[in-house]
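Number of protein chains: 2
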Amino acid sequence: MKSYQDMSRNELLREKNRLESQFEEVKAKGLKLDMSRGKPSAAQLDLSMGMMDVLSSETVLKGVQGLDCRNYGVLDGIIEAKQLLADMTEVPVDNIIIFGNSSLNIMFDTVAHAYSHGVCGAKPWCKYDTPVKFLCPVPGYDRHFAITEYFGIEMINIPMNEDGPDMDKVEELVNNDPLVKGIWCVPKYSNPDGIVYSDEVVKRFANLNPAAEDFRIYWDNAYSIHHLYFDDKAEILEILHECKKAGHPDMVYKFCSTSKVSFPGSGIAAMGTSKTNIADIKQQMTVQTIGHDKVNQLRHVKFFKDIDGMMAHMEKHADILRPKFEAVLDTLEAELGELGVGSWTKPKGGYFISFYALEGCAKAIVEKAKEAGVVMTGAGATYPYHNDPQDSNIRIAPSFPTLEEMTQAAKIFALSVKIVSADKILETK
Amino acid sequence: MKSYQDMSRNELLREKNRLESQFEEVKAKGLKLDMSRGKPSAAQLDLSMGMMDVLSSETVLKGVQGLDCRNYGVLDGIIEAKQLLADMTEVPVDNIIIFGNSSLNIMFDTVAHAYSHGVCGAKPWCKYDTPVKFLCPVPGYDRHFAITEYFGIEMINIPMNEDGPDMDKVEELVNNDPLVKGIWCVPKYSNPDGIVYSDEVVKRFANLNPAAEDFRIYWDNAYSIHHLYFDDKAEILEILHECKKAGHPDMVYKFCSTSKVSFPGSGIAAMGTSKTNIADIKQQMTVQTIGHDKVNQLRHVKFFKDIDGMMAHMEKHADILRPKFEAVLDTLEAELGELGVGSWTKPKGGYFISFYALEGCAKAIVEKAKEAGVVMTGAGATYPYHNDPQDSNIRIAPSFPTLEEMTQAAKIFALSVKIVSADKILETK
Chain A
13 MKSYQDMSRN
23 ELLREKNRLE
33 SQFEEVKAKG
43 LKLDMSRGKP
53 SAAQLDLSMG
63 MMDVLSSETV
73 LKGVQGLDCR
83 NYGVLDGIIE
93 AKQLLADMTE
103 VPVDNIIIFG
113 NSSLNIMFDT
123 VAHAYSHGVC
133 GAKPWCKYDT
143 PVKFLCPVPG
153 YDRHFAITEY
163 FGIEMINIPM
173 NEDGPDMDKV
183 EELVNNDPLV
193 KGIWCVPKYS
203 NPDGIVYSDE
213 VVKRFANLNP
223 AAEDFRIYWD
233 NAYSIHHLYF
243 DDKAEILEIL
253 HECKKAGHPD
263 MVYKFCSTSK
273 VSFPGSGIAA
283 MGTSKTNIAD
293 IKQQMTVQTI
303 GHDKVNQLRH
313 VKFFKDIDGM
323 MAHMEKHADI
333 LRPKFEAVLD
343 TLEAELGELG
353 VGSWTKPKGG
363 YFISFYALEG
373 CAKAIVEKAK
383 EAGVVMTGAG
393 ATYPYHNDPQ
403 DSNIRIAPSF
413 PTLEEMTQAA
423 KIFALSVKIV
433 SADKILETK
Chain B
13 MKSYQDMSRN
23 ELLREKNRLE
33 SQFEEVKAKG
43 LKLDMSRGKP
53 SAAQLDLSMG
63 MMDVLSSETV
73 LKGVQGLDCR
83 NYGVLDGIIE
93 AKQLLADMTE
103 VPVDNIIIFG
113 NSSLNIMFDT
123 VAHAYSHGVC
133 GAKPWCKYDT
143 PVKFLCPVPG
153 YDRHFAITEY
163 FGIEMINIPM
173 NEDGPDMDKV
183 EELVNNDPLV
193 KGIWCVPKYS
203 NPDGIVYSDE
213 VVKRFANLNP
223 AAEDFRIYWD
233 NAYSIHHLYF
243 DDKAEILEIL
253 HECKKAGHPD
263 MVYKFCSTSK
273 VSFPGSGIAA
283 MGTSKTNIAD
293 IKQQMTVQTI
303 GHDKVNQLRH
313 VKFFKDIDGM
323 MAHMEKHADI
333 LRPKFEAVLD
343 TLEAELGELG
353 VGSWTKPKGG
363 YFISFYALEG
373 CAKAIVEKAK
383 EAGVVMTGAG
393 ATYPYHNDPQ
403 DSNIRIAPSF
413 PTLEEMTQAA
423 KIFALSVKIV
433 SADKILETK
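Just so you know, the sequences run in chain order A and B.
Numbered by the numbering used here, the letters in the first sequence go through residues 13 to 441 in order.
Numbered by the numbering used here, the letters in the second sequence go through residues 13 to 441 in order.
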């Protein structure tokens, strides 16, 4: 098939008529499909149901250090949970704090702490007359941007290259502007592009020379073990270690959770960072809480046992996720491959496929898909202030629907892309 | 026996020598007893072990509304958990938000929200040139004071009467000073005095006319169902309802948790407040988290079933706690009853007995008890800035040790009181 650009006006009009009648047929079905959020499917959640059996009324709920996990105490997590999440995060156990059920909540609290009290004794961000700034590699994760927006932090878009953020731009801003206090990163299988940071990018991060003493890299290791292909796993350099080698041991906060390992909302979350940062964070934590849910920490340790157990578990997730990703990719290729109406990423892990429509088409495509009952992440959501300057990026989340639903949804999405793109191209013919 | 004050110098010196040799004997035993924190005992925690069995890998983890509790979603709690905690908090279910594992964390976040963003659109407290103020009925809960201290909020001591805070003083300050933004209250079985607010006090709270639009009552319902005598339960007026009647529906945040009902750290916590306040809080919450632990919410509902189940459970707690409280009270009465060296409260619920030593003796008593291996809450901890102007109040927490240990600890405490008091009185003879 010809690309739409190569078609004559009449050819394209005929194609569009054909698509519209297809669309009406699909719309008549009254489908309800959701490709909007990176939610595990029921089949994935079933993988962790054994977790409901590892503790019973007969279990002695004590940690290896003899501590009664049912009672108050232990601000930063039981040692065996620390070990498990340290291994997941690839940092020494002394560099880990266990928090509650959500790494997003840790990130929020970390920014809130910097805002109200300052990072390691630096001036609190709320005391600045002009807003402080965060760098935001784009497209990125909407909930990161929501945190910085909530605190009135100015967000600066950083273009993404194939191996991570544009480091020339990052260095220029971080090393010269003392108002630049942070950067949001999802270094492995990035949200939404699925990009894996190269060794060079990680090293350049570690070798930043920030103008601000309280600049930190907010390293959201959300998909560290969330491979789709266990025989072709992405490995990235460990940023804490690299920062230490480069003489900037305190420059990074590393976040992780088991939300997409065990149960979203009922998992455990952690931060990996330097001991200086841990001491700073504990000053707040000790006022904020007596401690997090140690019974759930113990439950996770009893279920996974160790990092090997966790990795074996992740392979089962991959077996469920992989066919869905492949179905979407196959559909996009089959439906759009030769039409020149967009491009998309082919991630090897994580939770998303990132679609780039013709400029100015993303919003209309999402709107169109919705008409036929397919909910996508709102166009623009992957950019600070919901503003995608090209109106091009659409995040596809293949995880939640069943394989069958997913295939159906992907076809409707592709159909929506074709219709909106044909319209767009017709404007110029 | 004569009171120490009535003894001659020689009599008191002889008494003191006798006490000192008793003390050396006790000290030689090398005991390790902890009466410092309001922690449930192992026997109490055992009461909730059935909670480990209510969910298994065979359970369908869906809420009554069909929601998969294992997945993301539901910011403010599953409906059946809301109902349970609404009943516990005595507010309508529409006035409840379920949070994570800790009411302390809710209180911290509520103050943090007011500090960074302001209450319901009012000026954020961080933007004031002079610190805002909180009223602190004293003695009170050290962790409340730690939160306000952490945010640089000026704390003003309010004396406690037998039926609650001195409302003349509260009214004078709240109704005239726009910098007064809040008051910490533990209205039932207060920490540490075990005081129950009278109807008159609650009504006067509801009828405050704050100079500050963002003044709120921080009503920590920590011991709402934590009676020691279920045939003589304290009931207090419901503050949300009273505030509404008085035309101040938004004036109160009510906090509760199951920390001392199920498991500390592994319970669920909630806030009861007006819909306007809920909307304000949700603006932050939706940025901070995707949702709290719904599996644990479901676990609590399945275990307690309803408020009646929860109350029956609390009777079992009372059966374990009551003898310990009575042992301490009996020991204090037997050892100190006639000596005129202190007074103490006789609470009908909650977790503490409050001891008032002779002025200037509290620190020395805590120090002395520690010498013999008995850890008490630090003297002064029950006051803002750890400053008890009389150096008199000591919080006794009888819950954690066994009955035997408790009796032993209470005797050592009484002995410490006698020695320090004798010293004090000898100074004047």
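We put the beta carbon where it would ideally sit given N, CA and C, even for glycine.
Query raised in the report: If we cut at 7 Å on Cβ distances, does Ile5 of chain A have a partner in chain B?
Result: Given a span of 13 to 441 for chain A in the structure shown, any question on residue 5 of chain A remains unanswerable.
**Report entry** Selection of the stretch 283–303 of chain B by Cβ proximity to chain A, strictly under 9 Å
**Finding:** Answer set for the stretch 283–303 of chain B: Gln295, Gln296, Thr298, Val299, Gln300, Thr301, Ile302 and Gly303.
Query - Those runs of the beta strand (DSSP E) which lie wholly inside the stretch 84–143 of chain A and span at least 3 residues - result: The qualifying runs are 108–110.
Query raised in the report: If you draw a straight line from the C-alpha of Ile110 of chain B to the C-alpha of Ile293 of chain B, how long is it?
Result: Rounded to whole angstroms, Ile110 of chain B to Ile293 of chain B spans 12 Å at the Cα level.
**Report entry** Own chain residues within Cβ distance below 6 Å of Arg347 of chain A, not counting five before or after
**Finding:** Sequence inspection shows Glu at residue 347 of chain A; the Arg mentioned does not correspond to that position. The answer, listed in chain order, is Ala426.
**Report entry** Inter-residue spacing [alpha-carbon to alpha-carbon] between Thr343 of chain A and Ile408 of chain A
**Finding:** Cα to Cα, the separation comes out at about 13 Å.
Report task. Could you name the residues of the stretch 74–88 of chain A whose beta carbon sits closer than 7 Å to any beta carbon of chain B, in the order they occur along the chain? Result -> Listed by position, the residues of the stretch 74–88 of chain A near chain B (Cβ gap below 7 Å) are Asp80, Arg82, Asn83 and Tyr84.
Query raised in the report: Which residues in the same chain as Val38 of chain A place their Cβ atom closer than 6 Å to its Cβ, once the five residues preceding and following it in sequence are excluded?
Result: Taken in chain order, the residues that qualify are Ala384 and Ile424.
Report task. Output, in sequence order along the chain, the residues in the stretch 28–56 of chain A whose CB is closer than 8 Å to any CB in chain B. Result -> The stretch 28–56 of chain A vs chain B, Cβ under 8 Å: Arg49, Lys51, Pro52 and Ala54.
Query raised in the report: Can you tell me where the beta strand (DSSP E) with Ala282 of chain B in it begins and where it stops?
Result: Counting along the chain, the unbroken beta strand (DSSP E) around Ala282 of chain B starts and ends at Ala281 to Gly284.
Report task. Report the three-state DSSP secondary structure of Ala346 of chain B (helix, strand or coil). Result -> The answer is helix: DSSP assigns Ala346 of chain B an H, G or I state.
Query raised in the report: Per DSSP, Asp180 of chain A forms a beta bridge with which residues?
Result: DSSP lists no beta-bridge partner residue for Asp180 of chain A.
Query raised in the report: In the structure shown, what three-state DSSP assignment does Val66 of chain A receive?
Result: Coil.
Requested in this report: Look at the Cβ atom of Asn113 of chain B, then the Cβ atom of Asp189 of chain A, and state whether they are nearer than 7 Å.
Outcome: No; because the gap between Cβ atoms is not below 7 Å, this pair is not in contact.
Query - Local Cβ density within 10 Å of Glu345 of chain A, reported as buried at 16 or more and exposed below that - result: Burial check for Glu345 of chain A: the Cβ neighbour count within 10 Å stays below 16, so the residue is exposed.
Query raised in the report: What do you get for Thr285 of chain B, buried or exposed, if any count of 16 or more other CB atoms within 10 angstroms of its CB means buried?
Result: Thr285 of chain B is buried by the Cβ-count criterion.
Report task. State the CB to CB distance for the pair Gly352 of chain B and Ser15 of chain B, rounded to an integer number of angstroms; the pair is presumed to be in contact (CB under 8 Å). Result -> Right, their Cβ atoms sit about 4 Å apart.
Query - Unbroken alpha helix (DSSP H) run spanning Asn22 of chain B, endpoints - result: Counting along the chain, the unbroken alpha helix (DSSP H) around Asn22 of chain B starts and ends at Arg21 to Ala40.
Query raised in the report: Among A:Tyr368, A:Met418, A:Leu438 and A:Leu240, which has the Cα closest to the Cα of Val150 of chain A?
Result: Closest by alpha carbon: A:Tyr368.
Query raised in the report: Hey, Tyr127 of chain B and Gly277 of chain A: beta-carbon distance below 7 Å or not?
Result: Result no, Cβ atoms of Tyr127 of chain B and Gly277 of chain A do not sit closer than 7 Å.
Report task. State whether the stretch 140–159 of chain B contacts the stretch 200–207 of chain B, with contact taken as three or more CB pairs (one from each stretch) at a distance under 8 Å. Result -> When Cβ pairs closer than 8 Å are counted between the two stretches, the stretch 140–159 of chain B is seen to touch the stretch 200–207 of chain B, the count reaching three or more.
Report task. Can you pull the chain A residues whose beta carbon is under 7 Å from the beta carbon of Met388 of chain B, in chain order? Result -> Ordered by position in chain A, no residue passes the 7 Å Cβ test against Met388 of chain B, which lies about 17 Å from the chain.
Report task. Kindly give me the distance between the Cβ atoms of Phe157 of chain A and Pro396 of chain A, rounded to whole angstroms, as I take these residues to be in contact under 8 Å. Result -> At roughly 5 Å, the Cβ-Cβ gap stays under 8 Å, so Phe157 of chain A and Pro396 of chain A are in contact.
**Report entry** Whole-angstrom distance between Phe217 of chain A and Leu249 of chain A, CA atom to CA atom
**Finding:** Looking at the two C-alpha atoms, the distance is approximately 11 Å.
Requested in this report: Kindly list, in the order they appear in chain A, the residues whose Cβ is closer than 7 Å to that of Glu307 of chain B.
Outcome: Residue identity check: residue 307 of chain B is Val in the sequence provided, not Glu. Those are Phe275 and Ser278, listed as they occur along chain A.
Query raised in the report: In whole angstroms, what is the alpha-carbon distance linking Glu23 of chain B and Gly349 of chain B?
Result: Gly349 of chain B has its alpha-carbon roughly 18 Å from the corresponding atom of Glu23 of chain B.
**Report entry** Reduced DSSP category for Leu45 of chain B - H, G, I as helix; E, B as strand; rest coil
**Finding:** When secondary structure is reduced to three states using DSSP, Leu45 of chain B falls in the strand class.
Query raised in the report: Can we say the stretch 244–264 of chain B touches the stretch 209–216 of chain B, given the rule of at least three CB pairs closer than 8 Å?
Result: Result yes; three or more Cβ-Cβ pairs closer than 8 Å.
Report task. Measure the Cβ-Cβ separation of Val198 of chain A and Ala234 of chain A and say whether it is below 7 Å. Result -> The answer is yes: Cβ separation under 7 Å.
Requested in this report: Report back the beta-carbon spacing between Leu310 of chain A and Ile90 of chain A to the nearest angstrom; my notes put them in contact at under 8 Å.
Outcome: Confirmed, about 7 Å.
Query raised in the report: Going straight from the alpha carbon of Gln34 of chain B to that of Asp435 of chain B, what length do you get?
Result: Rounded to whole angstroms, the gap between the alpha carbons of Gln34 of chain B and Asp435 of chain B is 16 Å.
Query raised in the report: Out of curiosity, what's the CA-to-CA distance linking Gln444 of chain A and Asn107 of chain B?
Result: Outside the displayed range of chain A (13 to 441) lies residue 444 of chain A, so it cannot be described from this structure.
Query raised in the report: Pick from B:Gly50, B:Ile168, B:Ser60 and B:Ile118: whose alpha carbon is nearest that of His312 of chain B?
Result: Measuring from the Cα of His312 of chain B, the nearest candidate turns out to be B:Ser60.
Query - Cutoff 7 Å: Asp65 of chain A Cβ touching any chain B Cβ - result: Closer than 7 Å: yes.
**Report entry** C-beta neighbour in chain A for Ser269 of chain B, strict 7 Å
**Finding:** It does not: the Cβ of Ser269 of chain B has no partner Cβ on chain A nearer than 7 Å.
Report task. Figure out for me which residue from A:Leu79, A:Ser48 and A:Asp180 has the closest Cα to the Cα of Val307 of chain A. Result -> Checked all of A:Leu79, A:Ser48 and A:Asp180; the closest Cα to Val307 of chain A is A:Leu79.
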